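Chemist: Using the numbering used here, read the sequence shown as starting at 1 and increasing by one per residue.
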Amino acid sequence: SHPYRGARGLMSRPSLNEIHAYRSHVDEAMRHLEFANEDTAALVELGLNHEQQHQELILTDIKHALWSMPLRPGRVNKPRVVTPDAPLQWIYFEGGIHKIGHSGTGFAFDNEGPRHEALLRLFRLASRLVTNAEYLQFINDGGYRRPELWLSDGWDTVCSQGWQSPLYWEEDDGRRFEFTLAGMTELDPHGPVCHVSYYEADAYARWSGARLPREEEWEVAAAQNPSSGTLLETGHLHPGPARGSGLQQVFGDVWEWTSSAYAAYPGFQPAEGLIGEYNGKFMCNQFVLRGGSCATPSSHIRATYRNFFPPHARWQFTGIRLAK
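(1) Could you have a look at Phe328 and say whether DSSP puts it in helix, strand or coil?
(2) Between the stretch 251-260 and the stretch 230-239, do three or more beta carbon pairs fall short of 8 angstroms?
(3) Taking the DSSP output, what are the residues bridged to Arg175?
(4) When you compare the CB positions of Ala303 and Glu217, do they come within less than 8 angstroms of one another, or not?
(5) Which first and last residues belong to the beta strand (DSSP E) in which Thr234 is found?
(6) Which residue from Leu120, Leu119, Thr105 puts its Cα closest to that of Gly113?
(7) I'd like to know whether the C-beta atoms of Tyr144 and Trp67 end up nearer to each other than 8 angstroms.
(8) At a cut of 8 angstroms, does the stretch 195-212 reach the stretch 138-152 through at least three beta carbon pairs?
(9) On the DSSP letters alone, give me the boundaries of the alpha helix (DSSP H) that His32 sits inside.
(10) Compute the Euclidean distance between the alpha carbons of Glu171 and Ser165, then round it to the nearest angstrom.
(11) Taking the beta strand (DSSP E) that Trp315 falls in, what are its first and last residues?
(12) Based on DSSP bridge pairs, tell me the residues matched to Leu125.
(13) Could you give the distance in angstroms between the alpha-carbon of Gly209 and the alpha-carbon of Phe138?
(14) Rank Tyr22, Arg214, Ala263, His238 by C-alpha distance to the C-alpha of Phe123 and give the top, closest one.
(15) Name the DSSP bridge partner or partners of Arg145?
(16) For Glu178, collect the residues of the same chain with a Cβ closer than 7 angstroms to its Cβ; drop the 5 residues on either side in sequence, then sort them by chain order.
(17) Report yes if the C-beta distance between His325 and Trp315 is below 8 angstroms; otherwise report no.
(18) Just the Cα atoms here: how many angstroms apart are Ile91 and Ile100?
(19) Sort out for me which residues DSSP pairs Lys99 with in a bridge.
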């Protein structure tokens with residue numbers, strides 16, 4: 001991988017003026033582009049969706065850059081709205097043969113198809129995401145000091161990186177704080193735990209006596225819910241607590257780790273040419289995440305959308321939903 005990829009948020013070049021000049025150049029070129037050609041229109045649509053992905057990544061890079069600076073934004077001392085815990089329920093879903101993947105209407109990335117059948121056993125999903133308070137119980141029970149809870153590579157990462165809590169968590173005088181795009185704030189016990197790796201999500205699930213959902217299970221459940229939630233348009237830029245009952249926080253808040261390795265669906269064929277490298281070449285050593293985050297545009301997310309990251313990644317808005 002590129003030697004600076006992990007620190008790209010710290011890059012100070014090109015300058016803002018150069019970026020604006022390049023944006024103007026692209027905007028002007030787009031005005032003169034001939035959209036009558038169907039192939040051209042499809043490439044532009046792909047480019048616009050790709051741009052939405054990078055806008056989300058820019059927000060997470062900005063967050064990491066601000067957190068990495070010695071002089072951080074000031075601590076936010078505004079009072080937190082007290083939200084009662086939404087009770088954790090287990091929602092049952094029938095087993096059987098289910099249709100998985102994009103139906104072919106509207107835009108989708110190539111990794112969302114072909115649509116195919118998957119055989120699932122009866123399963124249960126947690127009605128909401130794992131909260132900070134629940135994850136803190138895992139920490140206080142020695143979760144980061146118990147190798148039996150971790151995958152081998154995960155335990156090696158915990159030891160080599162010195163992990164003791166999710167990324168952006170800090171402790172001061174016995175109080176827990178979390179760095180956000182609004183600055184350092186006191187940890188909300190009712191909010192979803194965020195910025196955890198696949199390794200941490202897997203260890204927490206094992207500690208809790210549950211597991212992470214398969215991506216097919218997640219999709220079957222999500223297809224029954226509207227694509228709405230704490231997404232980019234809310235302006236919160238931070239996941240919020242669950243409210244109410246039933247299956248909640250399906251879209252938005254945090255990308256939800258699944259136990260599914262990122263791989264091609266049956267019958268997947270990359271497109272010819274450079275466009276064929278868009279997803280296919282990344283189908284190795286990564287896990288699938290579903291649902292979008294508080295930085296995902298509402299027009300970008302859907303039940304079939306497949307995000308993917310390596311198991312150690314923590315800088316994205318990533319969290320946990322349990323399954324049984």
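The beta carbon of each residue, even a glycine, is placed where N, CA and C say it ideally should be.
Note that the structure is a prediction, hence the values are computed from the model and not measured.
Modeler: In short:
(1) No statement about residue 328 is possible, as the shown extent of the chain runs from 1 to 324 and does not include it.
(2) Here the stretch 251-260 lies against the stretch 230-239, with 3 or more beta-carbon pairs under 8 angstroms apart.
(3) Within the sequence shown, numbered from 1, the residue matching residue 175 stands at position 175. In the DSSP secondary-structure assignment, Arg175 is bridged to Asp172.
(4) Working through the sequence shown from its first residue, we reach residue 303 at position 303. Working through the sequence shown from its first residue, we reach residue 217 at position 217. Cβ atoms of Ala303 and Glu217: not closer than 8 angstroms.
(5) Start at 1 with the first residue of the sequence shown, and residue 234 comes out as number 234. It is not in any beta strand (DSSP E) - Thr234 carries neither H nor E in the DSSP assignment.
(6) Start at 1 with the first residue of the sequence shown, and residue 113 comes out as number 113. Each of Leu120, Leu119, Thr105 was checked against the Cα of Gly113, and the nearest Cα belongs to Thr105.
(7) For the purposes of this step, residue 144 is taken as residue 144 along the sequence shown, with counting starting at 1. For the purposes of this step, residue 67 is taken as residue 67 along the sequence shown, with counting starting at 1. In this structure, Tyr144 lies away from Trp67, with their beta-carbon atoms at least 8 angstroms apart.
(8) In this structure the stretch 195-212 touches the stretch 138-152; the number of beta carbon pairs closer than 8 angstroms is three or more.
(9) Position 32 of the sequence shown, counting from 1, holds the residue named residue 32. Secondary structure note for His32: it is in no alpha helix (DSSP H), with a DSSP letter that is neither H nor E.
(10) Taking the first residue of the sequence shown as position 1, residue 171 is located at position 171. Taking the first residue of the sequence shown as position 1, residue 165 is located at position 165. When only Cα atoms are considered, Glu171 and Ser165 end up about 10 angstroms apart.
(11) If you number the sequence shown from 1, residue 315 lands on position 315. No residue range can be given for Trp315, since it is assigned to no beta strand (DSSP E) and is classified by DSSP as neither H nor E.
(12) Stepping through the sequence shown from its first residue, residue 125 is reached at position 125. BP columns for Leu125 point to Ile91, Ala323.
(13) Numbered from its first residue, the sequence shown carries residue 209 at position 209. Numbered from its first residue, the sequence shown carries residue 138 at position 138. If you take the alpha carbons of Gly209 and Phe138, they lie about 12 angstroms apart.
(14) Translated into positions along the sequence shown, residue 123 becomes position 123. For the residues Tyr22, Arg214, Ala263, His238, the minimum Cα distance to Phe123 belongs to Arg214.
(15) The residue labelled residue 145 in the question sits at position 145 within the sequence shown. Note: Arg145 sits in no beta bridge, so no partner.
(16) The residue you call residue 178 lines up with position 178 of the sequence shown. Excluding residues within five positions, the ones whose Cβ falls inside 7 angstroms are Tyr168, Trp169, Thr185, Leu187.
(17) Absent from the structure is residue 325, since the part of the chain shown begins at 1 and ends at 324.
(18) Residue numbering aside, residue 91 sits at position 91 when the sequence shown is read from its first letter. Residue numbering aside, residue 100 sits at position 100 when the sequence shown is read from its first letter. Their Cα atoms are separated by approximately 20 angstroms.
(19) Position 99 of the sequence shown, counted from the start, is the residue given in the question as residue 99. Note: Lys99 sits in a beta bridge opposite Glu117.
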